[in-house]
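Protein chains: 2
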Amino acid sequence: MDIIEFFKLSAGEWFSQRTVHNLVSGDLQAGKSEVNVEVLGKTDPILIKLCEQNQVDSSVTELIGIKISWNGTINKEKVKDTGSTILIVIPNSDDPKQGKLLPDRGDGNSPKISGRYIMGSDDVLTLITESEGLYAEERFWYLIPNLRLRTSVIKKSNGFTLASFCSEIRRVKS
Amino acid sequence: MDIIEFFKLSAGEWFSQRTVHNLVSGDLQAGKSEVNVEVLGKTDPILIKLCEQNQVDSSVTELIGIKISWNGTINKEKVKDTGSTILIVIPNSDDPKQGKLLPDRGDGNSPKISGRYIMGSDDVLTLITESEGLYAEERFWYLIPNLRLRTSVIKKSNGFTLASFCSEIRRVKS
């Protein structure tokens with residue numbers, strides 16, 4: 001699977017169950033969320049704007065962008081967790097199994113983050129994002145087209161601090 | 001990393017935190033465990049016996065065996081979870097990145113299970129075990145030598161039923 005196919009397959013409504021292991025304290029946090037993933041067209045104004053901010057000409061560059069929106073709760077319904085983000089991926093022209101990310105938090109005031117992806121030969125997608133003092137590595141893979149798993153780890157200057165796991169089931173319309 | 005190196009690196013004492021997502025009901029189960037992993041010598045009587053049971057001549061076959069023991073609790077200290085298992089891995093002679101498993105539950109009355117492994121180019125180890133009506137796939141990888149992650153999924157005749165995640169931190173002796 002290439003990165004474009006991988007992201008196209010992510011489009012739709014998902015039920016996501018998430019647990020976070022605090023690697024320092026041993027604490028556990030759990031959450032559930034409805035997640036919507038939308039593939040952005042190349043003429044989408046948000047996509048064009050983000051590309052311009054990053055000096056990328058979206059009309060000639062091969063890329064794919066998705067908008068991820070979530071609406072959930074953390075720790076047994078106590079805390080609401082909603083938001084959205086845009087993720088734009090640009091495959092390397094000489095090796096499309098790897099490339100860079102143009103991440104954004106949706107408010108136009110992104111922190112300085114550098115991101116890249118690696119699409120493994122086993123169809124596991126790894127996303128790596130780094131900013132000052134922070135390293136995050138996420139792995140995504142499909143078990144079947146309607147079920148995927150996701151792990152992530154966060155590393156700060158004092159070492160790995162969090163590891164999280166999501167199981168995501170596609171909401172199939174009847 | 002090859003499979004032998006991977007298993008040698010697993011030797012020692014680990015603190016394991018585990019969460020299990022029920023993909024059918026949405027329920028969550030959590031557990032914590034102390035895990036001890038011991039590499040078995042090629043002259044270990046248990047290793048020799050298991051090989052004999054499986055018509056494998058341990059004196060001439062390249063293999064590695066480990067004994068995994070755990071002592072933990074499930075769901076906030078309520079249920080004790082202790083046990084041990086032996087895992088013996090035999091690399092394919094023509095392609096050691098893949099091979100078979102000789103699993104055992106330690107009581108000599110193993111169910112009919114067939115198992116195999118794939119060592120990925122990204123150093124992720126996948127273990128696949130199958131018995132009648134049951135398919136289990138586990139993935140293991142090290143973030144650093146003292147921290148590793150593990151995911152597993154269980155598939156029954158009605159589809160994928162469980163997905164679990166472990167973060168495992170090595171107990172470093174001071």
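If you're matching them up, the sequences are chains S and F in order. Residue numbers for the first sequence follow the working numbering, beginning at 1 and rising by one. Residue numbers for the second sequence follow the working numbering, beginning at 1 and rising by one. The beta-carbon is built from N, C-alpha and C at its ideal position, and this holds for glycine as well.
Thinking just about the alpha-carbon of each residue, which of the options is nearest to the one in residue i?
| i | options | result |
| --- | --- | --- |
| ARG170 (chain S) | S:ASP95, S:SER157 and S:PRO145 | S:PRO145 |
| THR82 (chain F) | F:GLU130, F:ASP95 and F:TRP70 | F:TRP70 |
| LYS76 (chain F) | F:ALA30, F:THR85 and F:SER121 | F:ALA30 |
| LEU147 (chain S) | F:VAL172, F:VAL153 and F:ARG148 | F:VAL153 |
| LYS49 (chain F) | F:VAL35, F:ASN36, F:ILE74 and F:ILE86 | F:ILE86 |
| VAL79 (chain F) | F:THR61, F:ASP57 and F:SER33 | F:SER33 |
| SER157 (chain S) | S:ASN92, S:SER131 and S:ILE3 | S:SER131 |
| ILE68 (chain F) | F:LYS8, F:LEU23 and F:ILE74 | F:LYS8 |
| GLU168 (chain F) | S:GLU5, S:PHE6 and S:GLY26 | S:GLY26 |
Going by beta-carbon coordinates alone, are residue i and residue j separated by less than 7 Å?
| i | j | result |
| --- | --- | --- |
| GLY183 (chain S) | LEU101 (chain S) | For chain S, the structure presents residues 1 to 174; residue 183 (chain S) sits outside this window and is missing. |
| LEU125 (chain F) | PHE140 (chain F) | yes |
| MET119 (chain F) | LYS97 (chain F) | yes |
| PHE160 (chain F) | LEU143 (chain S) | yes |
| ILE90 (chain S) | LEU63 (chain S) | yes |
| MET1 (chain S) | ASP122 (chain S) | no |
| VAL20 (chain F) | SER114 (chain F) | no |
Whose Cβ in chain B lies nearer than 8 Å to the Cβ of residue i?
| i | result |
| --- | --- |
| THR19 (chain S) | Judged by its chain identifiers, the structure shown contains no chain B, and its protein chains are S and F. |
Got a sec? Which residues, its chain only, sit under 8 Å from residue i by beta carbon, not counting five neighbours each side?
| i | result |
| --- | --- |
| ALA11 (chain S) | VAL37, GLU38, VAL39 and ILE66 |
| ASP95 (chain S) | none |
| THR117 (chain S) | It is worth fixing the name first, because residue 117 (chain S) is Tyr in this sequence and not Thr. Excluding residues within five positions, the ones whose Cβ falls inside 8 Å are ILE3, VAL89, GLN98, GLY99, LYS100, LEU101, LEU125, THR126, LEU127 and ILE128. |
| THR73 (chain F) | GLY31, LYS32, SER33, VAL79, LYS80 and ASP81 |
| THR61 (chain S) | CYS51 and ILE90 |
| ASP44 (chain F) | GLY65 |
| SER93 (chain S) | GLU62 |
| ASN22 (chain S) | LEU28, GLN29, THR161 and LEU162 |
Under 6 Å Cβ to Cβ from residue i, same chain only, skipping five residues before and after it: list those, please.
| i | result |
| --- | --- |
| VAL35 (chain F) | TRP14, SER16 and TRP70 |
| CYS166 (chain S) | SER16, ARG18 and ARG150 |
| THR6 (chain S) | The sequence shown places Phe at residue 6 (chain S), not Thr. LEU125, listed in sequence order. |
By Cβ distance, which residues of its chain are closer than 7 Å to residue i, with the 5 residues on each side in sequence left out?
| i | result |
| --- | --- |
| LYS42 (chain S) | SER58 |
| ASP24 (chain S) | The sequence shown places Val at residue 24 (chain S), rather than the Asp named in the question. THR161, listed in sequence order. |
- request: Would you check if there are 3 or more beta carbon pairs closer than 8 Å linking the stretch 128-135 of chain F to the stretch 130-138 of chain S?
  value: no
- prompt: Of all the residues that make up the stretch 120-140 of chain F, which are near chain S by a beta-carbon distance shorter than 9 Å?
  reply: GLY120, SER121, ASP122, VAL124, THR126, GLU137 and ARG139
- request: May I ask you to list, following chain order, the residues of the stretch 145-156 of chain F that have a beta carbon less than 9 Å from some beta carbon of chain S?
  value: LEU147, LEU149, THR151, VAL153 and LYS155
- request: Determine which residues of the stretch 79-92 of chain S have a Cβ less than 7 Å from any Cβ of chain F, and write them out in chain order.
  value: none
Near-chain S residues of the stretch 3-14 of chain F - C-beta to any C-beta below 8 Å: none
- prompt: Between the stretch 51-82 of chain F and chain S, which residues of the former have CB atoms less than 9 Å from a CB of the latter, in chain order?
  reply: none
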